[in-house]
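According to the working numbering, the sequence shown holds residues 36 to 313 in order.
To start, the structure under review is shown below, and the notes come after it.
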Amino acid sequence: MKLGIIGGSGVYDLDILEEVESLKIQTPFGEPSSKIKKLKVSDYEFFFVTRHGVGHHISPSDINYRANIFALKKLGVTHIISISAVGSLKEEVAPGDFFMPDQFIDWTKGLRKRSFFEDGIVGHISVAQPISLELVESIKSVQNKVDTNFHFGGSYICIEGPQYSSRAESELYRSIGASVIGMTNVPESYLSVEAGIAYATVALVTDYDCWKDEACSLEEITAVINKNVSNVKELLKHLIPKIYQDKKSFEKANLNAVVTDKSLRTKEQQEILDILLN
Numbered sequence: 036m037k038l039g040i041i042g043g044s045g046v047y048d049l050d051i052l053e054e055v056e057s058l059k060i061q062t063p064f065g066e067p068s069s070k071i072k073k074l075k076v077s078d079y080e081f082f083f084v085t086r087h088g089v090g091h092h093i094s095p096s097d098i099n100y101r102a103n104i105f106a107l108k109k110l111g112v113t114h115i116i117s118i119s120a121v122g123s124l125k126e127e128v129a130p131g132d133f134f135m136p137d138q139f140i141d142w143t144k145g146l147r148k149r150s151f152f153e154d155g156i157v158g159h160i161s162v163a164q165p166i167s168l169e170l171v172e173s174i175k176s177v178q179n180k181v182d183t184n185f186h187f188g189g190s191y192i193c194i195e196g197p198q199y200s201s202r203a204e205s206e207l208y209r210s211i212g213a214s215v216i217g218m219t220n221v222p223e224s225y226l227s228v229e230a231g232i233a234y235a236t237v238a239l240v241t242d243y244d245c246w247k248d249e250a251c252s253l254e255e256i257t258a259v260i261n262k263n264v265s266n267v268k269e270l271l272k273h274l275i276p277k278i279y280q281d282k283k284s285f286e287k288a289n290l291n292a293v294v295t296d297k298s299l300r301t302k303e304q305q306e307i308l309d310i311l312l313n
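Structure representation (structure tokens):
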């Protein structure tokens with residue numbers, strides 16, 4: 036197995052860990068958000084990409100999600116931990132807490148490329164269970180290593196952004212049962228399922244969106260993110276070795292996804308599928 040980490044807002048590097056090399060990976064879907072770093076903790080190597088690019092210059096709608104996931108898959112990644120900043124839609128999920136969703140609600144606007152299967156390749160895949168419960172169990176087993184509250188289970192609603200919600204929107208999302216709100220985990224999580232990669236999110240709660248209090252400013256949200264960054268780095272120091280030690284297997288959901296006859300596939304299409312379905 037090989038582990039990939041996708042860093043979100045505030046988590047642009049993992050400078051506490053040893054860097055082995057920095058890789059520029061080409062994909063049929065364009066360039067990833069950043070060079071992919073190979074890092075090491077306790078002799079366990081893993082790959083790291085920063086979702087918004089170095090210096091946070093890529094908006095949620097403009098992230099090349101397909102290139103990020105394909106590049107990690109090309110490197111042999113089998114498991115992904117996504118680090119993401121979110122707002123809370125639940126009283127009990129407070130700013131500063133960590134939240135592990137088990138479901139996603141796609142509330143984006145159709146601006147994002149959300150599938151590898153297109154342009155003459157048809158594939159259908161179930162995302163009924165988009166989160167790897169095996170990875171979540173690994174997170175649970177090391178939660179006591181970090182001084183913050185953890186919450187497990189609930190829905191992450193993904194909006195287009197880059198604007199935050201109106202109060203009416205925030206109340207709507209609460210009314211349909213969403214627990215947290217973010218801007219990046221769809222299509223990232225669904226593409227991971229298409230690529231046969233186990234995926235789990237560690238969501239860093241920054242605020243109560245705008246339903247509970249006066250709307251938070253970017254400065255207030257950034258202050259909470261910065262406080263959480265040290266916690267998530269501490270978590271990863273323990274989580275990464277634990278994932279490798281657990282070596283938990285999982286059933287790939289993409290094995291029989293493609294329905295297009297092989298005789299109709301171009302050489303380039305087959306090369307893409309050979310990587311995705313391997």
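From the three backbone atoms N, C-alpha and C, an ideal C-beta is built for every residue, glycine too.
Measuring straight from C-alpha to C-alpha, what distance separates residue i and residue j?
{"i": "Pro67", "j": "Phe151", "result": "15 Å"}
{"i": "Ala106", "j": "Ser173", "result": "24 Å"}
{"i": "Asp78", "j": "Lys144", "result": "42 Å"}
{"i": "Ser57", "j": "Arg86", "result": "15 Å"}
{"i": "Cys245", "j": "Arg149", "result": "28 Å"}
{"i": "Phe185", "j": "Gln198", "result": "27 Å"}
{"i": "Ile310", "j": "Lys272", "result": "29 Å"}
{"i": "Lys180", "j": "Tyr191", "result": "25 Å"}
{"i": "Ser201", "j": "Lys297", "result": "48 Å"}
{"i": "Lys175", "j": "Val89", "result": "30 Å"}
{"i": "Asp281", "j": "Gly39", "result": "16 Å"}
{"i": "Leu312", "j": "Val128", "result": "37 Å"}
{"i": "Gly217", "j": "Lys108", "result": "24 Å"}
{"i": "Ser96", "j": "Asn220", "result": "11 Å"}
{"i": "Phe285", "j": "Tyr279", "result": "14 Å"}
{"i": "Arg147", "j": "Ser123", "result": "24 Å"}
Per DSSP, what kind of secondary structure is residue i in: helix, strand or coil?
{"i": "Gln280", "result": "helix"}
{"i": "Gln138", "result": "strand"}
{"i": "Phe105", "result": "helix"}
{"i": "Val177", "result": "helix"}
{"i": "Tyr208", "result": "helix"}
{"i": "Thr236", "result": "strand"}
{"i": "Glu80", "result": "strand"}
{"i": "His87", "result": "coil"}
{"i": "Tyr243", "result": "coil"}
{"i": "His92", "result": "coil"}
{"i": "Lys75", "result": "strand"}
{"i": "Ile115", "result": "strand"}
{"i": "Val157", "result": "coil"}
{"i": "Val128", "result": "coil"}
Quick one: residues in its chain with C-beta nearer than 7 Å to the C-beta of residue i, no 5 flanking neighbours on either side, listed in chain order?
{"i": "Ile160", "result": "Val228, Glu229, Ala288, Asn289, Ala292"}
{"i": "Gly131", "result": "Thr183, Val240, Val259, Lys262, Asn263"}
{"i": "Val55", "result": "Lys73, Leu74, Lys75, Glu80"}
{"i": "Asp252", "result": "For clarity, residue 252 is Ser in the given sequence; the question names Asp instead. Closer than 7 Å at the Cβ level, and outside the excluded window around Ser252, lies no residue."}
Using CA coordinates, which residue listed in the options is at the minimum distance from residue i?
{"i": "Met135", "options": "Ser252, Ser214, Leu226, Ile104", "result": "Ser214"}
{"i": "Gly189", "options": "Lys180, Ile211, Ser176, Ile310", "result": "Ile211"}
{"i": "Glu153", "options": "Arg300, Asn313, Asn266", "result": "Arg300"}
{"i": "Gln61", "options": "Gly122, Met218, Ala102", "result": "Ala102"}
{"i": "Glu254", "options": "Asp242, Lys268, Leu271, Leu146", "result": "Asp242"}
{"i": "Ile98", "options": "Ser69, Asp141, Lys108", "result": "Ser69"}
{"i": "His91", "options": "Leu124, Gly42, Glu126", "result": "Gly42"}
{"i": "Gln178", "options": "Leu274, Val162, Leu124, Phe285", "result": "Leu274"}
{"i": "Gly231", "options": "Leu308, Ala120, Val89", "result": "Leu308"}
{"i": "Ile194", "options": "Leu146, Asp141, Gly155", "result": "Asp141"}
{"i": "Glu53", "options": "Ala120, Leu124, Lys268", "result": "Lys268"}
{"i": "Ile93", "options": "Lys59, Phe83, Gly196, Phe82", "result": "Gly196"}
{"i": "Ala163", "options": "Leu146, Arg147, Phe139", "result": "Phe139"}
{"i": "Lys247", "options": "Lys59, Leu146, Lys125", "result": "Lys125"}
Only counting the same chain, and skipping five residues up and downstream in sequence, which positions put a Cβ closer than 8 Å to that of residue i?
{"i": "Gly111", "result": "Lys37"}
{"i": "Val171", "result": "Met135, Asp137, Phe187, Ala235"}
{"i": "Val121", "result": "Phe134, Tyr191, Val215, Ile216, Gly217, Ala238, Leu239, Val240, Thr241"}
{"i": "Gly155", "result": "Thr295, Leu299, Arg300, Thr301, Gln304"}
{"i": "Lys277", "result": "Ser173, Ser176, Val177"}
Output needed for residue i: all residues of its chain with C-beta closer than 6 Å, excluding positions within five of it in sequence on either side, in chain order.
{"i": "Tyr100", "result": "Pro222, Glu223, Leu226"}
{"i": "Val294", "result": "Val157"}
{"i": "Phe64", "result": "Arg101, Ala102, Phe105"}
{"i": "Thr257", "result": "none"}
{"i": "Lys283", "result": "Glu169"}
Three or more beta-carbon pairs under 8 Å between the segment 199-214 and the segment 109-119, yes or no? The segment 199-214 and the segment 109-119 do not touch, with fewer than 3 CB-CB distances between them shorter than 8 Å.
Counting pairs of beta carbons, one from the segment 167-174 and one from the segment 234-248, are three or more of them closer than 8 Å? yes
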